[in-house]
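Everything on this sheet refers to the single structure shown next.
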Amino acid sequence: MRAMHVVLVHPLIPPNTGSIGRLCAANDVELVLVEPLGFSLDDRYLKRAGLDYWPWIRKRVVQDWRPIFAEPGRTWLFTAHAERSYHEVAFGPNDRLVFGREDTGLGPDVLEAVPPEQHLRIPMPNPNVRSLNLAQCAAIAVYEARRQLGLLG
């Protein structure tokens, strides 16, 4: 599963990114961080959440998401406003799983750059809950992709 990527566009909260980094390390998935970030990569909370795995995380920090989206593979945008559920698609080994900021999600420029059929949501039956934690969303998506690709081991 070496070619799959988790892309975080302008993440704000260091422990979320640290937890997602740990998820990526455990699953041999590349973590792509799109600047600006809401923290320094030296942040102790980031490293605490990622534990001692931070050096083992395959990661890139980029200034623009556009070149990443142009790489081989499909781009899946996770947004609470999508009509299509993540379990309705077939993930591939080169896909990008893209998540936005914790407070506002993905910006209109990102959403408009990818066809709506590649916008995915994670269903939540309780209408009183508006969102899940970013790290939870990334974990749900990564493990579903791994399940589909027969990589659960």
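Start counting the sequence shown at 1178; every next residue gets the next number (my numbering).
In this text, a Cβ means the ideal position worked out from N, Cα and C, and glycines have one as well.
Bear in mind that the values here come from a model prediction, so they are computed numbers and not experimental data.
Does DSSP put residue i in a helix, in a strand, or in coil?
i, result
"tryptophan 1253", "strand"
"phenylalanine 1129", "Because the chain spans 1178 through 1330 in this model, residue 1129 falls outside it and cannot be assessed."
"valine 1266", "coil"
"valine 1287", "helix"
"leucine 1214", "coil"
"leucine 1311", "helix"
"arginine 1199", "helix"
"arginine 1261", "strand"
Classify residue i: buried if its beta carbon has 16 or more other beta carbons within 10 angstroms, exposed otherwise.
i, result
"leucine 1297", "buried"
"serine 1262", "exposed"
"alanine 1312", "buried"
"threonine 1252", "buried"
"glycine 1327", "exposed"
"threonine 1194", "buried"
Quick check: what's the CA-CA separation for residue i versus residue j?
i, j, result
"threonine 1256", "isoleucine 1317", "13 Å"
"alanine 1322", "alanine 1203", "14 Å"
"valine 1184", "arginine 1235", "12 Å"
"methionine 1178", "leucine 1274", "Confidence is the limiting factor: at methionine 1178 the pLDDT is only 42, short of 50, which leaves the residue's position unreliable and the question unanswerable from this model."
"proline 1188", "glutamine 1295", "21 Å"
"serine 1217", "glycine 1269", "32 Å"
Taking the beta strand (DSSP E) that residue i falls in, what are its first and last residues?
i, result
"glutamate 1207", "1207–1211"
"valine 1186", "1182–1186"
"valine 1238", "1236–1239"
Return the chain-ordered list of same chain residues with a C-beta closer than 6 Å to the C-beta of residue i, the five sequence neighbours on each side being excluded.
i, result
"proline 1271", "With the sequence shown as reference, residue 1271 is identified as asparagine, and proline is not the correct amino acid for it. Contacts found: Ala1180, Pro1249 and Gly1250."
Only counting the same chain, and skipping five residues up and downstream in sequence, which positions put a Cβ closer than 8 Å to that of residue i?
i, result
"valine 1239", "Val1209, Leu1210, Val1211, Glu1212 and Ile1245"
"glutamine 1325", "Ala1267 and Phe1268"
Starting from residue i, trace the alpha helix (DSSP H) both ways and give me its first and last residue.
i, result
"arginine 1243", "1243–1246"
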